[in-house]
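Take a look at the structure set out below.
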Amino acid sequence: MTTVAAEASSATVAKMRSTTADDDSGRSMKATDLWVDVNGVATRVLCWGQSINDDNRHELKRVVLCVCGNPGITEFYEKFLQEVYRTLNVPVWVLSHAGHEVPPSNSEHKIPDPKKYPDLYTLKGQVEHKLRFIEKYVPDNCDLYLVGHSIGSKIISELLKDSAIVQRLSVKRSVFLFPTLQKMRETPNGRKLIFTASNFLSITIFLSWIFTTFPAFIKTFLVNVTLMIMEGGQVDDHVIRSAVRLVHPMVLRNVFSMAVDEMDKVYELDYKPLKDNAKRLYMYFGKTDGWCPTSFYDDISKCVPEAETVLCDKGYQHAFVIGYSDEMAGIVCDWLQPDLEDAKSH
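Numbering (the UniProt record's numbering), first residue to last: 1 to 346.
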C-alpha cells in the first residue's frame, strides 16, 4: 500500500464530548475526539481513558481497540464502547475506516481523492490502515484486546496473520461480533447490496449531494424521521449523528466501494488465523443475520472447536449499535473481564 501523504506528527484534538457525564466514582466518561493521519488518510479516533496523544502513551499496558463494521463511522459505536470502558476501566479506542468520515472543513487532515488512490479504500486498504494505526499508536509489549464488528472481524483476522503485530504486541483476546468471514455475496444481504450498488448507486450519491446543502437542523430532522420509521421508534442521538455523517457523497461512495470489494474478496473461509488464535477467540453470531446465516456458525463451530462460539438467543440484530449497545457491551465485558483482572493482578 502506498502512503499518499506524510503522517502528521501530532494529533489534532477536534473536541471532547460524551453522551453522559462522569460515572458515580467521578471517573470521566468523556471520549477524546481526535483527527489524525493514518496511511495518509484523515482518520477520526475516539478514545476513552488514556488517549493516543497522551505524553505517556508509551507506558500503556493494555488497550481495547474496536474495528468497525461497514460503514466505519466511529460515533455509531459510542454508546457501546462507553459502556465497555465504564465496566472494564481500561483505555478503549475506535478509529474510523479510511474515507468513511469527513474531517471538519478547517482541519489540516484530508482525504485523498478516491479516484486517484482507490487502493486506500478497498478491504485490503482498510486492513493496511488498521495495521499502520497499530504500528504508530500501540506501544511495544502492550496487551491488545481486539473487538471487531461485521467486516471488522475479517479485518482483525487479517491483522492476526501479520507477524509484525504478533511479534511486537501481545494480542490477548479477539472478539468477533456478528462476523462476516465467508461467502458474503451469497448471503441475503449480500445479494441486496450487489443489486443496490448496480442499479441505484448514482441516484443515491446525487441525493446525498442535495442532502449536504440542507441546514444542519433539517438534516437531523430528516434522518431522525427516517430512522424512527425504519426502527419503529426513537433511536439514540449518537445513531442520528452518525447517520447524518454517512449521508455524504464521498463517504457513501467509499462505503459502497468497500462493500462491493467485500463481496468479491470475502468468499472462502480462511481458517488459519482462526485456528492459530482459537483459544483467544470469541465469536458471537446472530440467529437471524442476513449477512451471516446460521450455517456459517455451524461451519466455524465444527472446524474451530477450540474457539468460543455463541449463537444469539436474545434477538440481537447485526446492526446492534442501533438498539442493543448496552447489551452487547455486557457480553463483550463478560468475555474480557476475567483475563483483564488476571493481567492486572500480575
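Glycine included, every Cβ here is placed at the ideal spot set by N, Cα and C.
1) What does a CB cutoff of less than 6 angstroms around Leu177 pick up in its chain, not counting 5 residues either side in sequence?
2) Could you say which of Asp54, Pro179, Val45 lies nearest to Asp270 if we only look at CA atoms?
3) How many Å lie between Tyr137 and Thr43 at the Cα?
4) Which ranges does the beta strand (DSSP E) cover as unbroken runs of at least 3 residues, wholly within the region 73-112, from first to last along the chain?
5) When the distance is taken between beta carbons, is His97 closer than 8 angstroms to Gly72?
6) Mapping the DSSP letters down to three states, classify Ala14 as helix, strand or coil.
7) For the region 274-292 against the region 309-316, are there 3 or more C-beta pairs whose distance is under 8 angstroms?
8) Under three-state DSSP, which class holds Ala31?
9) CB Glu83 to CB Ala31, shorter than 8 angstroms?
10) Flag this pair as yes or no: are the beta carbons of Asp162 and Lys61 separated by less than 8 angstroms?
11) Specify the secondary structure class of Gly315 as computed by DSSP and reduced to three states.
12) Among Val223, Val90, Ala319, Val36, which residue has its Cα nearest to the Cα of Gln50?
13) In the structure shown, what three-state DSSP assignment does Asn56 receive?
14) Whole angstroms are fine: how far does the CA of Asn56 sit from the CA of Glu135?
15) Going by alpha carbons, who is nearest to Phe256 out of Ile210, Met230, Thr196?
16) What are the uninterrupted segments assigned as alpha helix (DSSP H) that are 4 or more residues long and contained completely in the region 213-296, given in chain order?
17) In terms of residue numbering, what span does the alpha helix (DSSP H) encompassing Arg191 cover?
18) According to DSSP, is Glu308 part of a helix, a strand, or is it coil?
19) Between Phe80 and Gly323, what straight-line distance do the alpha-carbon atoms span, to the nearest angstrom?
20) Tell me which residue opens and which closes the beta strand (DSSP E) that Phe176 is part of.
21) If you draw a straight line from the C-alpha of Ser242 to the C-alpha of Ala319, how long is it?
22) Measuring only the C-alpha atoms, how far is Asp140 from Thr212?
23) Are the beta-carbon atoms belonging to Ile205 and Arg253 less than 8 angstroms from one another?
24) Give the straight-line distance between the Cα atoms of Thr87 and Gln337, rounded to the nearest whole angstrom.
25) Hey, would you say Met258 sits closer than 8 angstroms to Met184, going by beta carbons?
26) I need the DSSP call for Thr204, collapsed to helix, strand or coil.
27) Excluding the 5 residues preceding and the 5 following Val127 in the sequence, name in chain order all residues of the same chain whose CB lies nearer than 8 angstroms to its CB.
28) Taking its Cβ as the centre, do 16 or more other Cβ atoms sit within 10 Å of Met16, making it buried, or is it exposed?
29) If distances are taken between C-alpha atoms only, which option among Asp54, Met228, Ile240, Met230 comes closest to Lys219?
30) Pick helix, strand or coil for Gly330, following the three-state DSSP scheme.
31) For Gly69, name the three-state secondary structure that DSSP assigns.
32) Alpha carbon to alpha carbon, what distance is there between Thr294 and Glu75?
33) Who are Val147's beta bridge partners in DSSP?
34) Taking 8 angstroms as the threshold (C-beta atoms), are Val266 and Gln182 in contact?
35) Can you list, in chain order, the residues of its chain with a C-beta nearer than 8 angstroms to that of Trp209? Leave out the 5 residues immediately preceding and following it.
Taking the geometry as given:
1) Sequence index remark: in the sequence shown, residue 177 carries index 177 (1-based). The answer, listed in chain order, is His149, Tyr284.
2) Working through the sequence shown from its first residue, we reach residue 270 at position 270. When each option's Cα is compared against that of Asp270, the closest is Pro179.
3) Residue mapping note: residue 137 aligns to position 137 of the sequence shown, counting from 1. Residue mapping note: residue 43 aligns to position 43 of the sequence shown, counting from 1. Each residue's Cα considered, the two are about 13 angstroms apart.
4) 92-95
5) Position 72 of the sequence shown, counted from the start, is the residue given in the question as residue 72. Position 97 of the sequence shown, counted from the start, is the residue given in the question as residue 97. Yes, they are a contact pair.
6) As a working note, residue 14 is residue 14 in the sequence shown. Residue confidence is low: Ala14 scores 44 on pLDDT, short of 50, so the model does not pin down where it sits. No coordinate-derived value is stated.
7) yes
8) Sequence index remark: in the sequence shown, residue 31 carries index 31 (1-based). Reduced to three states, the DSSP call for Ala31 is strand.
9) Counting from 1 along the sequence shown, the entry for residue 83 is found at position 83. Counting from 1 along the sequence shown, the entry for residue 31 is found at position 31. Their beta carbons are not under 8 angstroms apart, which means Glu83 does not touch Ala31 by this criterion.
10) Taking the first residue of the sequence shown as position 1, residue 162 is located at position 162. Taking the first residue of the sequence shown as position 1, residue 61 is located at position 61. Taking 8 angstroms as the Cβ cut-off, Asp162 and Lys61 do not qualify as a contacting pair.
11) In the sequence shown, the residue the question calls residue 315 occupies position 315. If DSSP states are grouped into helix, strand and coil, Gly315 belongs with coil.
12) The residue you call residue 50 lines up with position 50 of the sequence shown. Per the Cα distances, Val90.
13) Walking along the sequence shown from the start, residue 56 turns up at place 56. It is coil, neither helix nor strand.
14) One-based indexing of the sequence shown puts residue 135 at position 135. One-based indexing of the sequence shown puts residue 56 at position 56. Glu135 and Asn56: Cα-Cα distance of roughly 16 angstroms.
15) The residue you call residue 256 lines up with position 256 of the sequence shown. Closest option to Phe256, Cα to Cα, is Thr196.
16) 216-231, 237-246, 249-265, 271-276
17) Residue 191 sits at position 191 when you count from the first residue of the sequence shown. Residues 188-199.
18) Locating residue 308 in the sequence shown gives position 308, where the first residue counts as 1. DSSP places Glu308 in strand when its eight states are reduced to three.
19) What you label residue 80 is simply residue 80 of the sequence shown in a count that begins at 1. What you label residue 323 is simply residue 323 of the sequence shown in a count that begins at 1. Distance between the alpha carbons of Phe80 and Gly323 is about 10 angstroms.
20) Here residue 176 is taken as the residue at index 176 of the sequence shown, counted from 1. Here the beta strand (DSSP E) through Phe176 covers 170-177.
21) Locating residue 242 in the sequence shown gives position 242, where the first residue counts as 1. Locating residue 319 in the sequence shown gives position 319, where the first residue counts as 1. The alpha-carbon atoms of Ser242 and Ala319 are separated by roughly 13 angstroms.
22) For the purposes of this step, residue 140 is taken as the residue at position 140 of the sequence shown. For the purposes of this step, residue 212 is taken as the residue at position 212 of the sequence shown. C-alpha separation (whole angstroms): 42 angstroms.
23) Taking the sequence shown and counting its residues from 1, one reaches residue 205 at position 205. Taking the sequence shown and counting its residues from 1, one reaches residue 253 at position 253. Yes, they are a contact pair.
24) If you number the sequence shown from 1, residue 87 lands on position 87. If you number the sequence shown from 1, residue 337 lands on position 337. C-alpha separation (whole angstroms): 9 angstroms.
25) As a working mapping, residue 258 is identified with position 258 in the sequence shown. As a working mapping, residue 184 is identified with position 184 in the sequence shown. Their beta carbons are not under 8 angstroms apart, which means Met258 does not touch Met184 by this criterion.
26) In the sequence shown, residue 204 corresponds to position 204, counting from 1. Helix.
27) The residue given as residue 127 occupies position 127 in the sequence shown. Result list for Val127: Ile155, Glu158, Leu159, in chain order.
28) For the purposes of this step, residue 16 is identified with residue 16 of the sequence shown, where counting begins at 1. Because Met16 carries a pLDDT of 40, less than 50, the predicted location of this residue cannot be relied on, and no value is offered for it.
29) The sequence position of residue 219 within the sequence shown is 219, counting from 1. It is Ile240.
30) The sequence position of residue 330 within the sequence shown is 330, counting from 1. Residue state, collapsed to three classes: helix.
31) As a working mapping, residue 69 is identified with position 69 in the sequence shown. Coil.
32) Indexing the sequence shown from 1 puts residue 75 at position 75. Indexing the sequence shown from 1 puts residue 294 at position 294. Their backbone Cα atoms lie some 29 angstroms apart in a straight line.
33) As a first step, residue 147 is located in the sequence shown; it is residue number 147 there, counting from the start. In the DSSP output, where bridge partners are listed per residue, Val147 has Cys66, Val175.
34) For the purposes of this step, residue 182 is identified with residue 182 of the sequence shown, where counting begins at 1. For the purposes of this step, residue 266 is identified with residue 266 of the sequence shown, where counting begins at 1. It is a contact, given that the beta carbons lie within the stated cut-off.
35) Locating residue 209 in the sequence shown gives position 209, where the first residue counts as 1. The answer, listed in chain order, is Pro249.
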